Amino acid sequence: MSAVQLPHRRALLLAAAALAAVPLPWWVRAASAQGAAGGPSAPVARLDEALLHIMRMGQATPFAQRAAALTPVVQSVFDLPHILEVSVGPRWATMSPADQAKLLDVFTRYTVASYVANFDSFDGQRIDILPQTRAVGADQMVATQVVPKNGEATRIDYQMRRTAAGWQVVDVLLDGSISRVAVQRSDFRSLIAGGGPQRLIASLERKVANLQDGKS
330 MSAVQLPHRR ALLLAAAALA AVPLPWWVRA ASAQGAAGGP SAPVARLDEA
380 LLHIMRMGQA TPFAQRAAAL TPVVQSVFDL PHILEVSVGP RWATMSPADQ
430 AKLLDVFTRY TVASYVANFD SFDGQRIDIL PQTRAVGADQ MVATQVVPKN
480 GEATRIDYQM RRTAAGWQVV DVLLDGSISR VAVQRSDFRS LIAGGGPQRL
530 IASLERKVAN LQDGKS
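Counting in my numbering, the sequence shown runs without a single skipped number right up to 545 at its last residue.
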């Protein structure tokens with residue numbers, strides 16, 4: 330699924346979401362085959378497939394090459410402009426178009442970089458997309474369980490919304506309850522309050538550079 334660097338445990342949980350199953354459960358195979366018209370689970374299946382691909386590429390493949398492979402999938406599966414606007418809050422409307430564009434660019438690169446940095450190896454884990462979704466207002470929650478080679482499964486839910494581009498992710502809930510957008514909202518708004526959009530842009534640029542260099 331996920332923006333601003335999460336605490337270590339949460340980052341590990343999010344990283345686990347990328348560990349896709351081989352073979353995939355029948356409902357994941359069905360969603361993937363149906364594509365965007367297959368319902369809210371289909372984009373999650375496409376994300377899993379892309380993450381599995383970059384995981385198998387591994388650290389022997391340059392970071393930039395893995396990021397380039399993942400970027401179009403992330404841009405398609407996530408409604409990044411909406412997530413960013415919600416995270417920034419009311420100050421978004423007061424920003425110049427240039428600052429908005431810069432923020433969206435670095436936010437996209439940070440989102441991709443966080444996935445690439447965390448999802449860089451495969452060791453027999455699997456992720457199951459559960460067959461039933463649940464309604465949250467007009468949205469749908471797609472529940473997944475990340476099953477490690479040894480140990481207990483981890484719950485990851487994707488909040489899906491029907492947009493002009495089809496079903497897209499608007500939030501990721503770790504352990505079924507920890508909202509990644511809520512964590513971002515607190516961090517983003519604090520940074521902007523203390524230094525405007527330029528401070529948030531600079532912070533995200535540093536995070537991208539650290540992730541590319543293998544730093545947490």
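Glycine included, every Cβ here is placed at the ideal spot set by N, Cα and C.
All values reported here derive from a predicted model rather than from experimental measurement.
Just checking my contact of Leu520 with Arg514 at CB under 8 Å: how many whole Å lie between their CB atoms? Not quite, the Cβ-Cβ distance comes to about 11 Å (not below 8 Å), so this is no contact.
Report the CB separation of Leu409 from Phe436 in whole angstroms; it is logged as a contact under 8 Å. 7 Å
Considering only the alpha carbon of each residue, which of Asp452, Val510, Ala427, Ala442 lies closest to Lys478? Asp452
Can you list, in chain order, the stretches of the beta strand (DSSP E) that have 3 or more residues and sit fully within the region 400-488? 455-465, 468-476
Using the rule of at least 16 other Cβ atoms within 10 Å of the residue's Cβ for burial, across every protein chain shown, is Val537 buried or exposed? buried
From the DSSP secondary-structure annotation, give me the bridge partner or partners of Gln497. Arg490
Spatial neighbours of Ala396 within its chain, please: CB distance less than 7 Å, with the 5 preceding and 5 following residues excluded, ordered by chain position. Val441, Ala442, Val445
Tell me whether the beta-carbon of Val415 lies closer than 8 Å to the beta-carbon of Val510. yes
Quick one: does Thr462 have its CB under 8 Å from some CB of chain D? The question asks about chain D, but that chain is absent: this structure has only one protein chain.
Measure the CB-CB distance between Asp434 and Pro526 and report whether it falls below 8 Å. no
Exposure label - Ser506; buried when at least 16 CB within 10 Å: exposed
Give the C-beta separation of Asp449 and Met384 to the nearest angstrom, bearing in mind that I take them to be a contact with Cβ-Cβ under 8 Å. 7 Å
DSSP beta-bridge partners of Ser515: In DSSP, Ser515 forms no bridge with anything.
For a quick check, are the C-beta atoms of Gly418 and Arg535 less than 8 Å apart? no
Quickly, what does DSSP pair Leu502 with across the bridge? List them, please. Asp486, Ser508
Measuring CB to CB, does Ala472 end up less than 8 Å from Leu459? yes
Looking at Val406 and Val498, is the spacing between their C-beta atoms short of 8 Å? yes
Would you kindly work out how many angstroms separate the C-alpha atoms of Ala555 and Ala531, rounded to a whole number? Since the first residue of the chain shown is 330 and the last is 545, residue 555 is not available in this structure.
Using CA atoms only, rank isn't needed, just tell me which of Gly543, Gly524, Gln461, Gly387 is closest to Arg420. Gly524
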